Every structure is written in structure tokens, then in C-alpha cells.
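> Residue 103 in numbering that gives the first Met the number 0 sits at position 104 of the sequence shown, with consecutive numbering throughout.
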Amino acid sequence: MNRLYKTLMVLELAAAFGAGLVGWTVTSQAAETGAPGAPAKPDVTRGQAIATQVCASCHGADGNSAGGAFPKLAGQHAEYIVKQLKDYKTQPGAKEPARKNPIMAGIAGALNDQDMVNVAAYFETQKAKPGYARDKITVALGQKIYRGGVADRGVPACAACHGATGMGVPVQYPRLSGQWSDYTAAQLTAFAQVTRNNSEPMHTIALRLNEAEVKAVADYIAGLH
């Protein structure tokens, strides 16, 4: 996917989301109670409505996106999704969001905390479609990095945090199993370049991997189950 195509995709998606987000913002704000405190218990039905109206174009109605330009959200830990949505917003005292993405900034900005909890709970309940590794040549390298790290450069095994089968740990570490390799590779690059700045450990790890290693481990992760 070349740079021009990506630019056109962003512009088209931004235009498509514009009208929908205006309507959703009104609905979302109307649902606000104004009461202080933490969000209420997740409402999966309302979360499904948000997913259908706002998220489906990129992530699929059930959280299984059609390709690596957008991540699979099905089966992802709800707490992790909520954190990422908040990281797309510029927080008080910060100059910019921890995750930079103009489309997601607009979407996250239209959701209140309860909306985020609801949609995250919905995606967590969906079944992720399995992925697969595409490059037989790099599977061994990807497996070595995922399971054993790169000791001479201080890269820990991915499995140490994300689990042997990539299921992750709720709240702390996201599920990686079956994720599109293109998306995982793009996120590792973003961590290295600090265009994604919401995990110092991942920034350090990504900096110590070369391009071939990033592609190999991302491809291996796609086939984890």
C-alpha cells in the first residue's frame, strides 16, 4: 500500500465518518447523565449499536476487520480497548495524544467514558477469526523472537507478556493472537519512531529490532492460536 493510497484512504474515511459522527455525538451527549464517578456496568447492547454505527466500516461489525490496515478487535480485552480509545484523546496537561491518528482522534472524541466501556465490552465478547503466517521462510525467526527474544540486544520474549499463544493478560497486555501481520508490524514501527507513545517498554523493545525481525515476528504472531 503506497503513501498516496493511504492518504486517499484517510481523506475518504474522514469524509465518510463526518456525518455519522455528528449524529452519534448528539446521541452520545444526550445519553450523558452528568453524574460524577466511574462508568456504570457495561451495556453490551449499546456497545453493539456503537460498533455498528461507528466502528464497522474499518473494524467490521463483529470486530474482525477485512485487512491489515485496521486491527482486529474481536476478543480483545475490554480494558485494553478502553485505554487505547482514551490514548487517542489529548489528555489534560498534555500537548498531544499518546496515539496519533486523526480518524481515531475524532471517533474517540465523540465517545464518552461509558460509550467506551460499552463498545469495548461488546468487542471483547466477539469471536476472533484465526489468522495465519504467510512467509514460511521467516517463521523460525519469528518464533525465536516471540518465544525467546533477542538476548544479545536485551529484547525479551514476547510470550513473557503476551502469553505463549498470544492471548495476553487483561488490563496489562493485549491479545495478539491472529492479529494482521501488517498491523502488528506498523505498530512496532510506530513504537520505535514514537508516533505511538503510550508504552515505554514497547518503545525500547521496538528500537532494538531490525526491519526483518519486525516483519518476521509480526507474521508469526498472525498465526498464533
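Just so it is clear, CB atoms sit at the ideal spot from N, CA and C, and this is done for glycine as well.
These figures come from a predicted structure and were not determined experimentally.
Helix, strand or coil for Ala215? Go by DSSP, reduced to three states.
Along the sequence shown, one-based indexing puts residue 215 at 216. In this structure, Ala215 counts as helix in the three-state DSSP scheme.
> Determine the burial state of Asp151: buried for a count of at least 16 other Cβ atoms within 10 Å of its Cβ, exposed for fewer.
Counted from its first residue, the sequence shown places residue 151 at position 152. Classification for Asp151: exposed.
> From this set, Pro38, Gly222, Pro41, which residue's C-alpha is nearest Lys233's C-alpha?
With the chain running from 0 to 224 in the structure shown, residue 233 is simply not present.
> By DSSP's criteria, Tyr131 is part of a beta bridge. Which residues make up the other side?
Translated into the one-based positions of the sequence shown, residue 131 becomes position 132. In the DSSP output, where bridge partners are listed per residue, Tyr131 has none listed.
> Which residues in the same chain as Tyr121 place their Cβ atom closer than 6 Å to its Cβ, once the five residues preceding and following it in sequence are excluded?
Residue mapping note: residue 121 aligns to position 122 of the sequence shown, counting from 1. Cβ within range, chain order: Val43, Gly46, Gln47, Ala50.
> Val193: buried (16+ other C-beta within 10 angstroms of its C-beta) or exposed?
Counting from one through the sequence shown, the residue named residue 193 turns up at place 194. With fewer than 16 other Cβ atoms within 10 Å, it is exposed.
> Can you give the beta carbon distance from Ala127 to Gly74, rounded, assuming they're within the 8 Å contact cut?
Counting from one through the sequence shown, the residue named residue 127 turns up at place 128. Counting from one through the sequence shown, the residue named residue 74 turns up at place 75. Correct: roughly 4 Å between the Cβ atoms.
> Put Val170 into one of helix, strand or coil per three-state DSSP.
Counting from 1 along the sequence shown, the entry for residue 170 is found at position 171. If DSSP states are grouped into helix, strand and coil, Val170 belongs with coil.
> Out of Ser176, Ala163, Asn197, Gln90, state which residue places its alpha-carbon closest to the alpha-carbon of Asn63.
In the sequence shown, the residue the question calls residue 63 occupies position 64. Among Ser176, Ala163, Asn197, Gln90, the Cα nearest to that of Asn63 belongs to Ser176.
> Return the Cβ separation of Ala217 and Thr183 in integer angstroms, given the expectation that the two are a contact with Cβ distance under 8 Å.
Residue numbering aside, residue 217 sits at position 218 when the sequence shown is read from its first letter. Residue numbering aside, residue 183 sits at position 184 when the sequence shown is read from its first letter. The Cβ separation is near 4 Å, so the contact holds.
> Helix, strand or coil, according to DSSP, for Arg207 in the structure here?
The residue you call residue 207 lines up with position 208 of the sequence shown. Coil.
> Compute the Euclidean distance between the alpha carbons of Ala213 and Pro155, then round it to the nearest angstrom.
Taking the first residue of the sequence shown as 1, we reach residue 213 at position 214. Taking the first residue of the sequence shown as 1, we reach residue 155 at position 156. A small correction: the amino acid at residue 213 is Val; Ala does not occupy that position in the sequence shown. Looking at the two C-alpha atoms, the distance is approximately 14 Å.
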